[in-house]
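Take a look at the structure set out below.
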Amino acid sequence: MSANQLTLWYLAASVLFILALKGLSSPTTARRGNLFGMIGMGIAVLVTLAVVARGNVAGILLAMLIGGAVGAFVARRVEMTQMPELVAAMHSLVGMAAVLIAVAAVNNPGAFGVADPLPMGNKLELFIGTFVGAITFSGSVIAFGKLAGLGRTFRLFSSAPIVFPGQHWVNLAIGLVMIGFGVAFFLSPDENWTAFIMMTGLAFMLGVLIIIPIGGADMPVVISMLNSYSGWAAAGIGFSLNNSMLIVAGSLVGSSGAILSYIMCRAMNRSFISVILGGFGAAEGSAAGAAGEKTVKSGSAEDASFLMQNAESVVIVPGYGLAVARAQHAVKEMAQMLREKGINVRFAIHPVAGRMPGHMNVLLAEAEVPYEQVFEMEDINGEMGTTDVVLVLGANDVVNPLAYEKGSPIYGMPIIDVHKARTILVNKRSMAAGYAGLDNPLFYMDRTMMVFGDAKKVVEDIVKSLH
Amino acid sequence: MGGTVDPTVLNIVVFVLAVFVGYHVIWNVTPALHTPLMSVTNAISSVIIVGAILAAAPMETDFGTVLGLVAVGLAAVNVAGGFMVTQRMLDMFRKKQK
Chain A
1 MSANQLTLWY
11 LAASVLFILA
21 LKGLSSPTTA
31 RRGNLFGMIG
41 MGIAVLVTLA
51 VVARGNVAGI
61 LLAMLIGGAV
71 GAFVARRVEM
81 TQMPELVAAM
91 HSLVGMAAVL
101 IAVAAVNNPG
111 AFGVADPLPM
121 GNKLELFIGT
131 FVGAITFSGS
141 VIAFGKLAGL
151 GRTFRLFSSA
161 PIVFPGQHWV
171 NLAIGLVMIG
181 FGVAFFLSPD
191 ENWTAFIMMT
201 GLAFMLGVLI
211 IIPIGGADMP
221 VVISMLNSYS
231 GWAAAGIGFS
241 LNNSMLIVAG
251 SLVGSSGAIL
261 SYIMCRAMNR
271 SFISVILGGF
281 GAAEGSAAGA
291 AGEKTVKSGS
301 AEDASFLMQN
311 AESVVIVPGY
321 GLAVARAQHA
331 VKEMAQMLRE
341 KGINVRFAIH
351 PVAGRMPGHM
361 NVLLAEAEVP
371 YEQVFEMEDI
381 NGEMGTTDVV
391 LVLGANDVVN
401 PLAYEKGSPI
411 YGMPIIDVHK
421 ARTILVNKRS
431 MAAGYAGLDN
441 PLFYMDRTMM
451 VFGDAKKVVE
461 DIVKSLH
Chain B
1001 MGGTVDPTVL
1011 NIVVFVLAVF
1021 VGYHVIWNVT
1031 PALHTPLMSV
1041 TNAISSVIIV
1051 GAILAAAPME
1061 TDFGTVLGLV
1071 AVGLAAVNVA
1081 GGFMVTQRML
1091 DMFRKKQK
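Chains A and B are the protein sequences, given in the same order.
Numbering-wise (my numbering), the first sequence opens with residue 1 and increments by one.
Numbering-wise (my numbering), the second sequence opens with residue 1001 and increments by one.
Set out below in structure tokens:
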């Protein structure tokens, strides 16, 4: 196959990747889009195998088979509540693959059809691809640990922010030294392995250090950001191999992750920089201080069931607590029973509910909640004032009316206006403050009833008393 | 202004255009499908497997080809896992339509 033919095949694959993403504009076209993506990937792999037909194809196929089998196994077995962990793990693999390819390219540029010794331009691109890949890898490993709740066994994975004095200066210094080694690698006439290895090692360290200060509920931003990095790493490798398809695929993914990060930050009314610098929620206590004097009304699941049965409209606001308790199926059953009684039941989803973009939507989809009943925050907020009962399940900061009070740390954050509803039921495990370390005035309102307990248990009890 | 265009310049052209395409396509993705978006972009960025195949191809085994093979394996996990888990999620969104 000539280089021209190859490039045209790669072009076809690139177009298919774009179509794959375009399909996601609606659930009805998304599956066809995914098929386009698979075809694109198939073309990319097959034509590349054709190019190296005289090489070690058997070894490559074996590696693909093993990797593919592992991937298929995991994809079948993973639970939807574990999706954030899975995505983080997959980001780390892309990052690691990028680093390995870069090392192989420095070792033997000839295998990639790149001049040996490496031209300076390619070195620069390799340098960028490598350090982005390395940061993606180690950062994703930490994110994975935090999401999988490994913090108890290994403190580095703690979901609470890990902060120490001078942290940002340390990170900056490491970053600068890393770039210094990168420049040394770039400027040396031959393969400067020392500089390359030092740079890669520092990048791995940096990945760990930039993710540890970021706390659990900021994970939607972190995971989107790592998604973006994994794309840029692929694009960087594409640059160094002069492969336009890799550049296109990498840039699509890179911009996708960047846009998601932006959407997540906007939904928390925080700047990207403030999320990345981390430490949010670490200094709690001051704002929650006055909590002791106020009283809350608490009730049982039966009380909640009674209130909902006598309502005309019910809005359910799911949060991370729903995912932790794996309550999605119980919630679906409850919603269905209420609907059968002629009650208008809808779901309201805040963009940062859960641990990754779209987390709640997938959980509800798994439980087969029809998506016409699932509303985004801005589409349902206007109707909150005329809603009879709102049931908040394991969400806190995203329904905190302090967002409307000037001077509060979350002032300006868009929230679901549950405080406007006629009756508010809040399910929580305890009165502990949310991620932002803030007390929530919603809990002390006259119209609010707290239902304490595990989300799944409470919902199941409600279902029982609905019978 | 004669002569051929440097490959790096062409790469930059492709890169900038692709970022624009990505920007416009991604803003149209419905928020309900943001999780499948992340898993499918994961699968797509694993097209890096192409680079891994090239690294693994030379017949004489050395340090570089071994790394290449490992990279092929890692990327293959993502390719298979990414597309399959996306499919699984999208099937759930379809079921609800009935």
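Yeah, the Cβ is synthetic: ideal placement off N, Cα and C, and Gly gets one too.
The model shown is predicted, which means the values in this text are computed figures rather than measured ones.
Of all alpha-carbon atoms in A:Gly382, A:Ala88 and A:Met83, the one lying nearest the alpha-carbon of A:Val324 is that of A:Met83. Around the Cβ of B:Glu1060, a 10 Å sphere holds fewer than 16 other Cβ atoms; the residue is exposed. Residue contact check for A:Gly250 against chain B: a CB pair falls below 8 Å. Three or more beta-carbon pairs separated by less than 8 Å link the segment 113–130 of chain A to the segment 181–196 of chain A, which places the two stretches in contact. A:Ser274 and A:His168 have their C-alpha atoms spaced approximately 12 Å apart. Cβ proximity to chain B below 8 Å picks out nothing from the segment 326–346 of chain A. For A:Lys406, there is no enclosing beta strand (DSSP E), as DSSP gives it neither H nor E.
When beta bridges are read from the DSSP output, A:Phe347 appears opposite A:Ile316 and A:Val374. When C-beta distances to chain A are compared with 8 Å, the residues of the segment 1061–1075 of chain B below that value are Thr1061, Asp1062, Phe1063, Gly1064, Thr1065, Leu1067, Gly1068, Leu1069, Val1070, Ala1071, Val1072, Gly1073, Leu1074 and Ala1075, in chain order.
Among the CB atoms of chain B, none fall inside 8 Å of the CB of A:Ser305. DSSP lists A:Lys428 as the bridge partner or partners of A:Phe452. Of all alpha-carbon atoms in B:Gly1081, B:Thr1004, B:Val1047 and B:Ala1032, the one lying nearest the alpha-carbon of A:Phe73 is that of B:Gly1081.
Annotation for A:Val389: no alpha helix (DSSP H) segment contains it, though the beta strand (DSSP E) segment containing it runs Val389 to Leu393.
Here A:Leu241 has Phe112 as same chain residues with Cβ atoms under 6 Å from its own Cβ, once five neighbours each way along the sequence are excluded.
Here A:Ser2 carries a coil assignment [DSSP, helix/strand/coil]. When B:His1024, B:Ile1048 and B:Met1084 are compared, the shortest CA-CA separation from A:Met245 is found for B:Ile1048. Close CB contacts of A:Glu85 within its chain, under the 6 Å cut and outside five residues either way in sequence, are with Phe144, Leu147 and Ala148 (chain order).
If you draw a straight line from the Cα of A:Arg266 to the Cα of A:Met360, it comes to about 18 Å. The Cβ neighbour count for A:Glu79, taken over all protein chains shown within 10 Å, is under 16; the residue is labelled exposed. The C-beta separation of B:Gly1068 from B:Ala1076 comes to about 12 Å, leaving the pair out of contact by the 8 Å criterion. Here the C-alpha atom of A:Gly68 lies approximately 17 Å from the C-alpha atom of A:Leu35.
DSSP places B:Ile1026 in the uninterrupted alpha helix (DSSP H) bounded by Pro1007 to Trp1027. Judged by beta-carbon spacing, A:Met308 lies within the 8 Å limit of A:Leu338, meaning their Cβ atoms are closer than that value. In the assembly as shown, A:Met1 is an exposed residue. Its beta-carbon has fewer than 16 other beta-carbons within 10 Å.
The CB of B:Gly1082 comes closer than 7 Å to the CB of Met90 in chain A, given here in chain order. Within a 10 Å sphere around the beta-carbon of A:Lys406 sit fewer than 16 other beta-carbons, which makes this residue exposed. For A:Met334, the uninterrupted alpha helix (DSSP H) run begins and ends at Gln328 to Glu340, by DSSP.
DSSP, read as helix, strand or coil, puts A:Ser298 in strand.
At least one CB atom of chain A sits nearer than 8 Å to the CB of B:Gly1022. Counting the other Cβ atoms within 10 Å of the Cβ of A:Ala58 gives fewer than 16, which makes it exposed.
Its Cα nearest to that of B:Leu1037, the residue A:Ser228 stands out among A:Thr48, A:Gly394 and A:Ser228. At a cut-off of 8 Å between beta carbons, B:Gly1003 makes no contact with chain A. Annotation: A:Leu118 is outside any alpha helix (DSSP H) and is labelled neither H nor E by DSSP. In the three-state reduction of the DSSP assignment, A:Thr423 falls in the strand class, which pools E and B. Within chain B, no C-beta atom comes less than 7 Å from the C-beta of A:Val352; the nearest is roughly 11 Å away.
Secondary structure at A:Val458: helix, using DSSP grouped into helix, strand and coil.
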